[in-house]
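In numbering that gives the first Met the number 0, the protein residues as written are 0 to 972.
The structure appears below as structure tokens.
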Amino acid sequence: MMIVGYLSACNMRQAGIVNMAELLEKQLASELSKMTLQEAFTLARAFSHYLTMMGIAETHHRVRKGGNMAQISKSCDDVFNQLVQGGVSPDDLYNTVCKQEVEIVLTAHPTQINRRTLQYKHIRIAHLLDYNDRPDLSPEDREMLIEDLVREITSIWQTDELRRQKPTPVDEARAGLNIVEQSLWKAVPHYLRRVSNALKKHTGKPLPLTCTPIKFGTWMGGDRDGNPNVTAKVTKDVSLLSRWMAIDLYIREVDSLRFELSMNRCSDTLSRLAHEILEVKDENPRESWNQSMNRSQSLPTQLPARAHLPSFAANGESQHPRLDIPGPDHKDGGTSSSTTVGNGNPTSPSFNSSQPFSQRKLLTETQTGKSSFQKLLEPQLPQLPGIAPYRVVLGNVKDKLERSRRRLELLLEDVACDYHPLDYYETADQLLEPLLLCYESLQSCGSGVLADGRLADLIRRVATFGMVLMKLDLRQESGRHAETLDAITMYLDMGTYSEWDEEKKLDFLTRELKGKRPLVPVNMEVASDVKEVLDTFKIAAELGSDSLGAYVISMASSASDVLAVELFQKDARLAAIGELGRACPGGTLRVVPLFETVKDLRGAGAVIRKLLSIDWYREHIIKNHNGHQEVMVGYSDSGKDAGRFTAAWELYKAQEDVVAACNDYGIKVTLFHGRGGSIGRGGGPTYLAIQSQPPGSVMGTLRSTEQGEMVEAKFGLPQIAVRQLEIYTTAVLLATLRPPLPPRDENWRNLMEEISEISCQCYRNVVYENPEFLTYFAEATPEAELGFLNIGSRPARRKNTRGIGHLRAIPWVFAWTQTRFVLPAWLGVGAGLKGACEKGHSEELKAMYKEWPFFQSTIDLIEMVLGKADTTIAKYYDEALVSEERQELGRELRNELLTAEKFVLVISGHEKLQQNNRSLRRLVENRLPFLNPMNLLQVEILKRLRRDDDNLKLRDALLITVNGIAAGMRNTG
Numbered sequence: 000m001m002i003v004g005y006l007s008a009c010n011m012r013q014a015g016i017v018n019m020a021e022l023l024e025k026q027l028a029s030e031l032s033k034m035t036l037q038e039a040f041t042l043a044r045a046f047s048h049y050l051t052m053m054g055i056a057e058t059h060h061r062v063r064k065g066g067n068m069a070q071i072s073k074s075c076d077d078v079f080n081q082l083v084q085g086g087v088s089p090d091d092l093y094n095t096v097c098k099q100e101v102e103i104v105l106t107a108h109p110t111q112i113n114r115r116t117l118q119y120k121h122i123r124i125a126h127l128l129d130y131n132d133r134p135d136l137s138p139e140d141r142e143m144l145i146e147d148l149v150r151e152i153t154s155i156w157q158t159d160e161l162r163r164q165k166p167t168p169v170d171e172a173r174a175g176l177n178i179v180e181q182s183l184w185k186a187v188p189h190y191l192r193r194v195s196n197a198l199k200k201h202t203g204k205p206l207p208l209t210c211t212p213i214k215f216g217t218w219m220g221g222d223r224d225g226n227p228n229v230t231a232k233v234t235k236d237v238s239l240l241s242r243w244m245a246i247d248l249y250i251r252e253v254d255s256l257r258f259e260l261s262m263n264r265c266s267d268t269l270s271r272l273a274h275e276i277l278e279v280k281d282e283n284p285r286e287s288w289n290q291s292m293n294r295s296q297s298l299p300t301q302l303p304a305r306a307h308l309p310s311f312a313a314n315g316e317s318q319h320p321r322l323d324i325p326g327p328d329h330k331d332g333g334t335s336s337s338t339t340v341g342n343g344n345p346t347s348p349s350f351n352s353s354q355p356f357s358q359r360k361l362l363t364e365t366q367t368g369k370s371s372f373q374k375l376l377e378p379q380l381p382q383l384p385g386i387a388p389y390r391v392v393l394g395n396v397k398d399k400l401e402r403s404r405r406r407l408e409l410l411l412e413d414v415a416c417d418y419h420p421l422d423y424y425e426t427a428d429q430l431l432e433p434l435l436l437c438y439e440s441l442q443s444c445g446s447g448v449l450a451d452g453r454l455a456d457l458i459r460r461v462a463t464f465g466m467v468l469m470k471l472d473l474r475q476e477s478g479r480h481a482e483t484l485d486a487i488t489m490y491l492d493m494g495t496y497s498e499w500d501e502e503k504k505l506d507f508l509t510r511e512l513k514g515k516r517p518l519v520p521v522n523m524e525v526a527s528d529v530k531e532v533l534d535t536f537k538i539a540a541e542l543g544s545d546s547l548g549a550y551v552i553s554m555a556s557s558a559s560d561v562l563a564v565e566l567f568q569k570d571a572r573l574a575a576i577g578e579l580g581r582a583c584p585g586g587t588l589r590v591v592p593l594f595e596t597v598k599d600l601r602g603a604g605a606v607i608r609k610l611l612s613i614d615w616y617r618e619h620i621i622k623n624h625n626g627h628q629e630v631m632v633g634y635s636d637s638g639k640d641a642g643r644f645t646a647a648w649e650l651y652k653a654q655e656d657v658v659a660a661c662n663d664y665g666i667k668v669t670l671f672h673g674r675g676g677s678i679g680r681g682g683g684p685t686y687l688a689i690q691s692q693p694p695g696s697v698m699g700t701l702r703s704t705e706q707g708e709m710v711e712a713k714f715g716l717p718q719i720a721v722r723q724l725e726i727y728t729t730a731v732l733l734a735t736l737r738p739p740l741p742p743r744d745e746n747w748r749n750l751m752e753e754i755s756e757i758s759c760q761c762y763r764n765v766v767y768e769n770p771e772f773l774t775y776f777a778e779a780t781p782e783a784e785l786g787f788l789n790i791g792s793r794p795a796r797r798k799n800t801r802g803i804g805h806l807r808a809i810p811w812v813f814a815w816t817q818t819r820f821v822l823p824a825w826l827g828v829g830a831g832l833k834g835a836c837e838k839g840h841s842e843e844l845k846a847m848y849k850e851w852p853f854f855q856s857t858i859d860l861i862e863m864v865l866g867k868a869d870t871t872i873a874k875y876y877d878e879a880l881v882s883e884e885r886q887e888l889g890r891e892l893r894n895e896l897l898t899a900e901k902f903v904l905v906i907s908g909h910e911k912l913q914q915n916n917r918s919l920r921r922l923v924e925n926r927l928p929f930l931n932p933m934n935l936l937q938v939e940i941l942k943r944l945r946r947d948d949d950n951l952k953l954r955d956a957l958l959i960t961v962n963g964i965a966a967g968m969r970n971t972g
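Here it is as structure tokens:
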């Protein structure tokens, strides 16, 4: 009856019968207030799961029908054809695609509210829906599939949906690796085949095997900005774990490839290599066996094969692995049993990680080397010349991969490792060499169709993922570096670094960078915070650019911020060379300033110009980074600082200025976009975002973050991931070869400045100048209660103080999304647009909307979020939770939202919100009968919890409503 009531209320609102709708909603709210806690808890769970299932069904439907994405962003085939027909030569198209460098950086920003256990169950339901679409299912098969669906839903209902403890940074990193294994590992070869086929069709040449337009990075385990839980040891462990996972995945692929490539005919080069391998094995018959069995019981395990399939399905591999970290904390209690792991092969009994390596190796040889059962599982390779040469070569690759994996397990357990560098793979090029040899051999022997199958897919995976799957970025706040330099300069009696002016800092840093001695005294005793910074650079020197990506400096504001990091890198590498007795692996990390606040964005171009004017730095960029400067711009904090509209305009200008600065010095630039998932934090459709960048800012290169719940939404399923990768490729290609138009004349820029100034003033007057706002925010939203969610390893505030300034952007947006007010995405917009329209600029704004991609994208995104906002629900939160003296502020803000709606529609020319996105409007409307009760229920639970804040059952009920509303809104923060 409740669902029918809310459905009726929603229909009445849509029909304009507002008074009757409000009356019905009040009656339903009254019924909710009479519920017992257990009834409210059960209802919240039911609605929350229903909204999640609705989201899974919508995603499945979008994939099945091709979705609206295809109409906006087209496929590689369509875009390549469009460009060639538009006058781009096939050679230019081919070269631009081959040189494209896009990196998608997955971050652990705390917006993924679902437990990983439930995420896996949701993915299994998505797979079952896929199977249900198969036309060859018999009635019996379909009945069994429905039974499997019922089992999955029952399992979900009986599973605790709440995290009971905060995830560690390593937990977050494991979740990122699982995305690679469950989805991207399958999606990348499929995506690259589509790119290659489209290129061959339109240019006559396929994509080179080792060329990959898209790679992946990660911040999980490296982002220490405001997160004391990310330590130097965590970074090292996560990097090693990522390498372990990459090698484990390669072992599985090589195993399958060995089975497939059973032919005898091969090139002379491959034949000679196979004979050499067999001769070595003849000389050391036990070497291969002992090395392959020298494995720790602590290897990761995974769900049984076919776990993702319906019970009637014939075969298939596990889609949902369970990744456990190799290490001393993962031991089996017994010593006599074996465990099936990885690709299904039994492994040796458990080792005691405290034993010396030599003892553990002896244990392996004595306990498993003589096992006749194991020998049956690992039959001897044929020794006759010319027999299965591909299997011989790939068998050798597998042996070396297994030694590489074993080495990493020892490093993770802090056990001394005496492997010779020739016994394991360190770089992707080393692994590619035998694979490319096999490929060339197959091609030369007329077996190209085999070469272009599983082997080509493996080569492309190695080219994309390398030996680390995703290179790990490090991030730290600029103030921490200044504090560390303070400690050093004070120890050396040079004064306090942070008190120097910018020129003195630059003189000091440049002089030290040109010197050949370390700056930091070996025996200097420092505070723990300073030691952690220095330890991070020590780990960075040990791992190098082969494992790590960029070093990002958050809250960067000056050239000295960048040179300070360069100095720390130089110092750590000099010290590491002394300790290791050899050169550090790889090169120095790229140092990337992150400009976040409006003030820092306005100074970004000047900072880059100052940096590039320094001879040492410019020569360093040219020599060590191929003449490439990377600059990151932050969308979250700029939006929180000045409002979404002003932030968008300041980001646009900052990118123009940075590009111009680099062009002045002949330096190439890559812009790194720190976008969040929600529109309030710079999120939105990827294709539109890239297409609306300033001309010249996307010249074949781009980095962008994908955060929190958006990682799962965009890359959780292989078919969705393939589409997202295509969107990135085609959008960057079009922005490179057909850059978006700039503003038509200078007056448009002046008008943007005027709107931005009014918008920013309105936003800051409310958020920062109104003394009542902070209390209103705490009363009207569940911001304080969101801390109970345990969704991230880092604190919600950078510093332990009250105030919006130190509150992170994610809980700021998350809290307003829960109340359906979504204030950060629109506050100030109405005032700015109204001011421009009242001065007679309406027609000019309409022209800007039609002709300027940046302005159109900005207005469309604001319109999209206004379509999700609901003043009725926001009003209900205010009336029930906000004290009487602050309710007037809520009324004023709701009027601001209505003003924003009015003038956005005036400029877009739409009669109602989301007129140009009917599918989204329909999705929102379909959810309202379930989403609205969740909001009313949340209000009721908040009222009770604020009277009884130690009631754990109430707290659980509240968190379940948070999950449900996030599922219904399809985003959090």
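Backbone N, C-alpha and C define an ideal beta-carbon position, used for all residues, glycine too.
Nearest residue (CA-CA) to residue i, options the options
i       : options                        : result
Lys397  : Leu880, Ile276, Lys470         : Ile276
Ala603  : Lys504, Leu670, Leu239, Glu578 : Leu670
Ser74   : Ala779, Pro928, Arg722         : Arg722
Leu542  : Lys235, Lys845, Ala245         : Lys235
Ala547  : Gly216, Ile178, Asn764, Leu508 : Before going further, note that residue 547 is Leu rather than Ala in the sequence given. Out of Gly216, Ile178, Asn764, Leu508, Gly216 has the C-alpha closest to the C-alpha of Leu547.
Lys867  : Gly638, Thr818, Cys836         : Thr818
Gln244  : Gly514, Glu252, Arg404         : Position check: residue 244 holds Met in this sequence, whereas Gln was assumed. Checked all of Gly514, Glu252, Arg404; the closest Cα to Met244 is Arg404.
Val532  : Ala197, Arg223, Val657, Asp859 : Arg223
Asp560  : Ile250, Arg608, Glu501         : Glu501
Arg1057 : Leu922, Val938, Gln760         : One cannot answer for residue 1057 here, as it falls past the ends of the chain, which runs 0 to 972.
Tyr775  : Ala846, Glu891, Glu432         : Glu891
Contact under 8 Å by Cβ, residue i with residue j
i      : j      : result
Ala899 : Trp825 : yes
Ser635 : Glu649 : no
Val449 : Leu260 : According to the sequence displayed, residue 449 carries Leu and not Val. Taking 8 Å as the Cβ cut-off, Leu449 and Leu260 qualify as a contacting pair.
Phe714 : Ser182 : yes
Trp184 : His48  : no
Thr587 : Asn623 : yes
Leu198 : Pro188 : no
Ala273 : Pro388 : yes
Ala481 : Lys537 : no
Arg257 : Gly394 : yes
Residue i to residue j span [Cα, whole Å]
i      : j      : result
Gly786 : Ala879 : 22 Å
Ser477 : Phe567 : 13 Å
Thr167 : Asn228 : 7 Å
Asp129 : Lys64  : 12 Å
Thr728 : Lys25  : 50 Å
Ala974 : Arg581 : What the structure shows of the chain is the stretch from 0 to 972, and residue 974 is not part of that stretch, so it cannot be assessed.
Asn94  : Ala734 : 15 Å
Thr436 : Leu92  : At residue 436 the sequence reads Leu, which differs from the Thr that was named. C-alpha separation (whole angstroms): 29 Å.
Tyr876 : Asp140 : 48 Å
Thr426 : Gly465 : 7 Å
Residue range of the unbroken beta strand (DSSP E) whose run includes residue i
i      : result
Gly216 : 213 to 217
Asp413 : Element bounds for Asp413: n/a, residue is neither H nor E.
Lys515 : Taken as a continuous stretch (DSSP letters only), Lys515 belongs to no beta strand (DSSP E), as it is neither H nor E.
Pro592 : 589 to 594
Residue range of the unbroken alpha helix (DSSP H) whose run includes residue i
i      : result
His189 : 184 to 202
Ala172 : 168 to 178
Min CB distance residue i to chain B below 8 Å
i      : result
Leu736 : Absent here is chain B; the protein component of the structure consists of one chain.
- In chain order, each alpha helix (DSSP H) run of at least 4 residues that lies wholly inside the region 863 to 912: As far as the region 863 to 912 is concerned, its whole alpha helix (DSSP H) runs of at least 4 residues are 870 to 880, 886 to 907.
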